[in-house]
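Engineer: In full-length UniProt numbering, the protein residues as written are 1 to 446. Sharing a structure, written as structure tokens. Questions coming.
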């Protein structure tokens with residue numbers, strides 16, 4: 001399936017360090033960034049911390065841009081900007097790269113990927129047979145409940161959100177009304193800054209009114225879910241891996257992202273050809289992407305789910321464990337306008353996954369216990385290459401968590417690897433047993 005660039009063709013002076021700016025820097029991913037091949041060639045600089053950029057309660061995009069510009073202007077030479085986060089990082093990166101004349105997809109191309117309705121229109125042009133039915137819905141339109149523009153059942157999502165936040169499966173009018181009531185209370189937090197981004201683009205007529213506070217209803221499709229990751233560079237399409245996206249016990253929330261994908265190679269190759277057609281349709285070049293698909297095994301049908309115009313930070317550990325280098329290797333070189341060298345299968349393990357430990361009881365609760373340092377150290381001794389990120393705090397009310405889906409709460413992200421898939425999954429089961437969480441109901445806690 002994959003096309004690999006085996007030779008690094010440098011377009012810059014190899015004798016000088018390349019100044020690479022990491023938009024949304026954090027210590028968690030610093031290790032992956034600094035483990036690129038020939039690290040002495042690069043000088044990595046934080047370009048805002050991740051907590052200054054993502055999962056904010058309020059977004060002021062011009063302020064974010066001004067602070068980023070101030071950092072960049074302190075340096076004589078800027079060679080590239082990389083990001084691995086979703087909104088607003090990918091869009092901010094495109095704006096900054098245009099201003100500083102760096103290789104990058106345009107803001108319009110990024111938005112054609114990430115604005116779910118606009119993206120569906122473009123997908124329909126490039127791959128109509130792989131594009132589910134869809135319709136735009138204004139949640140503030142009082143008549144939207146009675147005329148959603150698509151048959152039940154369907155998925156309802158904001159035209160842009162974090163993960164599955166404010167996403168609902170809708171089976172009838174009652175569920176639609178309930179979902180719209182929730183959406184109207186919460187959507188402006190991301191919708192308004194998305195409108196700021198849209199104001200910077202010359203929008204086609206069919207997109208002008210579908211602003212950041214709108215929703216998209218999409219035909220309910222299913223199958224095995226997987227995602228090729230790759231890049232476009234100087235008009236050439238490449239992929240470097242594909243992931244299986246496994247749902248949890250509620251069949252709605254993601255449980256883990258496994259690498260490598262076990263979807264048949266010929267199906268992956270078909271998906272990559274579709275991805276290339278769509279990316280060319282939107283004018284995407286000189287950037288990284290991952291694109292999600294459903295494969296219906298019974299009908300052999302491929303359905304496009306969505307396009308993410310960036311590498312995924314959720315894939316970095318898996319690439320490192322299986323291939324010996326993270327996907328930042330790709331991002332850094334593409335940001336320089338240089339073909340990456342990526343050697344598959346050079347890691348210590350054959351399989352790796354990011355697992356999401358979830359509480360599927362959606363009743364509100366207060367966290368009364370989280371794993372402590374002793375718990376984490378004990379797991380580290382048992383599984384040295386397993387990583388754990390606890391996403392809740394003791395005494396936290398679960399309902400205060402930002403950007404959760406409607407059907408569960410993420411308690412921890414657990415990264416595991418194995419020589420076999422069974423070993424990988426057993427490592428995850430053991431890790432869960434060694435990480436204690438306790439809760440009390442929010443009402444009983446007063």
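Glycine included, every Cβ here is placed at the ideal spot set by N, Cα and C. Bear in mind the structure is a predicted one, so any value in this text is a computation, not a measurement.
Roughly how many angstroms separate the alpha carbons of residue 408 and residue 139, rounded to a whole number?
Structural biologist: Looking up residue 408 in the chain shown gives position 408. Looking up residue 139 in the chain shown gives position 139. Cα to Cα, residue 408 sits roughly 23 Å from residue 139.
Engineer: Say whether the segment 20-36 touches the segment 72-82, bearing in mind that this needs 3 or more beta-carbon pairs closer than 8 Å, one atom from each stretch.
Structural biologist: The segment 20-36 is in contact with the segment 72-82.
Engineer: Quick check on residue 16: does DSSP put it in helix, strand or coil?
Structural biologist: Along the chain shown, one-based indexing puts residue 16 at 16. In the structure shown, residue 16 sits in coil (DSSP, three-state: anything other than H, G, I, E or B).
Engineer: Could you work out which residue in 236, 204, 255 is closest to residue 225 when comparing CA atoms only?
Structural biologist: Taking the chain shown and counting its residues from 1, the one referred to as residue 225 is at position 225. Considering only alpha carbons, the answer is 255.
Engineer: Following the continuous alpha helix (DSSP H) through residue 360, name the residue where it begins and the one where it ends.
Structural biologist: Here the question's residue 360 lines up with position 360 in the chain shown. No alpha helix (DSSP H) holds residue 360; DSSP gives it neither H nor E.
Engineer: Just to check my reading of the structure: residue 223 and residue 294 have Cβ atoms closer than 8 Å, yes? What is that Cβ distance to the nearest angstrom?
Structural biologist: Against the chain shown, residue 223 aligns to sequence position 223. Against the chain shown, residue 294 aligns to sequence position 294. About 4 Å; that satisfies the 8 Å criterion.
Engineer: Excluding the 5 residues flanking residue 144 on each side, which residues of the same chain have their C-beta closer than 7 Å to its C-beta?
Structural biologist: Sequence index remark: in the chain shown, residue 144 carries index 144 (1-based). Excluding positions up to five away in sequence, the list reads 137, 138, 180.
Engineer: Unbroken beta strand (DSSP E) runs of length 3 or more, entirely within the segment 103-160: which are they?
Structural biologist: Taking only runs of at least 3 residues, the beta strand (DSSP E) segments lying wholly in the segment 103-160 are 134-137, 154-158.
Engineer: Use the C-beta contact count for residue 440: other C-beta atoms within 10 angstroms, 16 or more gives buried, fewer gives exposed.
Structural biologist: Taking the first residue of the chain shown as 1, we reach residue 440 at position 440. Residue 440 is exposed by the Cβ-count criterion.
Engineer: Give the range of the beta strand (DSSP E) segment to which residue 244 is assigned.
Structural biologist: What you label residue 244 is simply residue 244 of the chain shown in a count that begins at 1. Its beta strand (DSSP E) spans residues 236-247.
Engineer: When you compare only the Cα positions, how much space is there between residue 170 and residue 148?
Structural biologist: The count along the chain shown starts at 1 and reaches residue 170 at position 170. The count along the chain shown starts at 1 and reaches residue 148 at position 148. Cα to Cα, the separation comes out at about 11 Å.
Engineer: Leaving out five residues before and five after residue 380 in sequence, what residues of the same chain have Cβ atoms less than 8 Å from its Cβ?
Structural biologist: In the chain shown, residue 380 corresponds to position 380, counting from 1. Within the same chain, residue 380 has close Cβ partners 386.
Engineer: Could you tell me the distance, in whole angstroms, from the CA atom of residue 269 to the CA atom of residue 275?
Structural biologist: In the chain shown, counting from the first residue as 1, residue 269 sits at position 269. In the chain shown, counting from the first residue as 1, residue 275 sits at position 275. Rounded to whole angstroms, residue 269 to residue 275 spans 10 Å at the Cα level.
Engineer: If you reduce the DSSP assignment to three classes, tell me which class residue 292 lands in.
Structural biologist: Counting from one through the chain shown, the residue named residue 292 turns up at place 292. Residue 292 falls in the strand class under three-state DSSP.
Engineer: Determine the direct distance from the alpha carbon of residue 205 to that of residue 121, and round the result to whole angstroms.
Structural biologist: As a first step, residue 121 is located in the chain shown; it is residue number 121 there, counting from the start. As a first step, residue 205 is located in the chain shown; it is residue number 205 there, counting from the start. Rounded to whole angstroms, residue 121 to residue 205 spans 12 Å at the Cα level.
Engineer: Taking all protein chains shown into account, do 16 or more other C-beta atoms lie within 10 angstroms of the C-beta of residue 384, making it buried, or fewer, making it exposed?
Structural biologist: As a working mapping, residue 384 is identified with position 384 in the chain shown. By the 10 Å Cβ count, residue 384 comes out exposed.
Engineer: Take the Cβ of residue 346 as the centre, count every other Cβ of all protein chains shown within 10 Å, and call the residue buried at 16 or more, exposed below.
Structural biologist: Counted from its first residue, the chain shown places residue 346 at position 346. Classification for residue 346: exposed.
Engineer: According to DSSP, is residue 76 helix, strand or coil?
Structural biologist: Position 76 of the chain shown, counted from the first residue, corresponds to residue 76. Residue 76: coil per DSSP, three-state reduction.
Engineer: For residue 402, is the classification buried or exposed, using 16 other Cβ atoms within 10 angstroms of its Cβ as the cut-off for buried?
Structural biologist: For the purposes of this step, residue 402 is taken as residue 402 along the chain shown, with counting starting at 1. It counts as exposed.
Engineer: Would you identify the three-state DSSP class for residue 351, choosing helix, strand or coil?
Structural biologist: Here residue 351 corresponds to residue number 351 of the chain shown, with the count starting at 1. In this structure, residue 351 counts as strand in the three-state DSSP scheme.
Engineer: In three-state terms, what does DSSP make of residue 36?
Structural biologist: Translated into the one-based positions of the chain shown, residue 36 becomes position 36. Coil at residue 36, not helix or strand.
Engineer: Look at the alpha carbon of residue 74 and the alpha carbon of residue 44, and state the distance between them as a whole number of angstroms.
Structural biologist: As a first step, residue 74 is located in the chain shown; it is residue number 74 there, counting from the start. As a first step, residue 44 is located in the chain shown; it is residue number 44 there, counting from the start. Roughly 14 Å between the two C-alpha positions.
Engineer: Suppose you measure from the CA of residue 108 to the CA of residue 114; what does that come to, to the nearest Å?
Structural biologist: Position 108 of the chain shown, counted from the start, is the residue given in the question as residue 108. Position 114 of the chain shown, counted from the start, is the residue given in the question as residue 114. Roughly 10 Å separates the two Cα atoms.
Engineer: Would you kindly report the start and end of the unbroken alpha helix (DSSP H) that includes residue 379?
Structural biologist: Mapped onto the chain shown, residue 379 falls at position 379. Taken as a continuous stretch (DSSP letters only), the alpha helix (DSSP H) holding residue 379 covers 373-382.
Engineer: Of the choices 36, 216, 233, 377, whose alpha-carbon is the least far from that of residue 306?
Structural biologist: Position 306 of the chain shown holds residue 306. Nearest C-alpha to residue 306: 216.
Engineer: Does the count of Cβ pairs from the segment 326-336 and the segment 346-365 closer than 8 Å reach three?
Structural biologist: Output reads no: the segment 346-365 does not touch the segment 326-336.
Engineer: Buried or exposed: residue 400, going by 16 or more other Cβ atoms within 10 Å of its Cβ?
Structural biologist: Working through the chain shown from its first residue, we reach residue 400 at position 400. Burial call: exposed.
Engineer: The alpha helix (DSSP H) that contains residue 280, what's its start and end?
Structural biologist: Counted from its first residue, the chain shown places residue 280 at position 280. Start and end: 265-282.
Engineer: Within 10 Å of its beta-carbon, does residue 16 have 16 or more other beta-carbons around it, so buried, or fewer, so exposed?
Structural biologist: As a working mapping, residue 16 is identified with position 16 in the chain shown. Residue 16 comes out exposed.
Engineer: Hey, would you say residue 404 sits closer than 8 Å to residue 165, going by beta carbons?
Structural biologist: Start at 1 with the first residue of the chain shown, and residue 404 comes out as number 404. Start at 1 with the first residue of the chain shown, and residue 165 comes out as number 165. Taking 8 Å as the Cβ cut-off, residue 404 and residue 165 qualify as a contacting pair.
Engineer: Which value, in whole angstroms, describes the spacing of the CA atoms of residue 162 and residue 309?
Structural biologist: What you label residue 162 is simply residue 162 of the chain shown in a count that begins at 1. What you label residue 309 is simply residue 309 of the chain shown in a count that begins at 1. Looking at the two C-alpha atoms, the distance is approximately 14 Å.
Engineer: Tell me whether residue 210 is buried or exposed, calling it buried when 16 or more other Cβ atoms sit within 10 Å of its Cβ.
Structural biologist: Looking up residue 210 in the chain shown gives position 210. Buried, because 16 or more other Cβ atoms sit within 10 Å of the Cβ of residue 210.
Engineer: Taking DSSP as the reference, what is the three-state secondary structure of residue 432?
Structural biologist: Counted from its first residue, the chain shown places residue 432 at position 432. Here residue 432 sits in helix by DSSP.
Engineer: For residue 235, count neighbouring C-beta atoms within 10 Å of its own C-beta (all shown protein chains included) and say buried if the count is 16 or more, exposed if not.
Structural biologist: To locate residue 235, count along the chain shown from 1; it is residue 235. Under this definition residue 235 is an exposed residue.
Engineer: Measuring alpha carbon to alpha carbon, tell me which residue in 325, 420, 432, 183 is nearest residue 370.
Structural biologist: Along the chain shown, one-based indexing puts residue 370 at 370. If we check each option's Cα against that of residue 370, 432 comes out closest.
Engineer: What does the alpha-carbon distance come out to for the pair residue 238 and residue 110?
Structural biologist: As a first step, residue 238 must be located in the chain shown, where it is residue number 238. As a first step, residue 110 must be located in the chain shown, where it is residue number 110. Whole-angstrom Cα-Cα distance: 18 Å.
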